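Please read the structure below before turning to the comments.
Numbering (this note's numbering), first residue to last: 2 to 128.
Rendered as structure tokens:
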């Protein structure tokens, strides 16, 4: 019989998962009466805003399999990474993506993953 460990989700893990996933479900709502005009966060005449064209993402993760950390078959890693995107137009974007991980078993150490610098063009063909 193999040595496995049963684990349950702690309240802290559930709280953190909810905290980080809630912004993805957020919807901006605004009420506009007939007397008010819609407000914008960016000036329509200002198209040279460099900072406004940047976006990105950062992620952190902990990976493990079902085996106990003292078992020889155990695999555990901390992973991290990020993306930085610059929009030239609505169809053309440049991006930089990189990351790394820290192995906690066997070859213990910190390693870098691939880094990519790319250019993306959407709508090559319109249907």
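Heads up, the beta-carbon is just placed ideally off N, CA and C, and yes, glycines get one too. Every value quoted in this text rests on a predicted model; they were computed, and no experiment measured them.
In this chain, the beta strand (DSSP E) harbouring residue 65 covers 55-65.
In this chain, residue 68 is not harboured by any beta strand (DSSP E), its DSSP state being neither H nor E.
Residue 86 carries a strand assignment under DSSP once its states are collapsed to helix, strand and coil.
Here the alpha carbon of residue 105 sits roughly 10 Å from the alpha carbon of residue 65. Bounds of the beta strand (DSSP E) holding residue 93 are 93-104. In the displayed model, residue 52 falls within a helix according to three-state DSSP. Remark: C-beta atoms of residue 101 and residue 111 approach each other more closely than 8 Å. The beta carbon of residue 121 sits closer than 8 Å to the beta carbons of 93, 94, 95, 96 from its chain, once the five residues preceding and following it are set aside; these are given in chain order.
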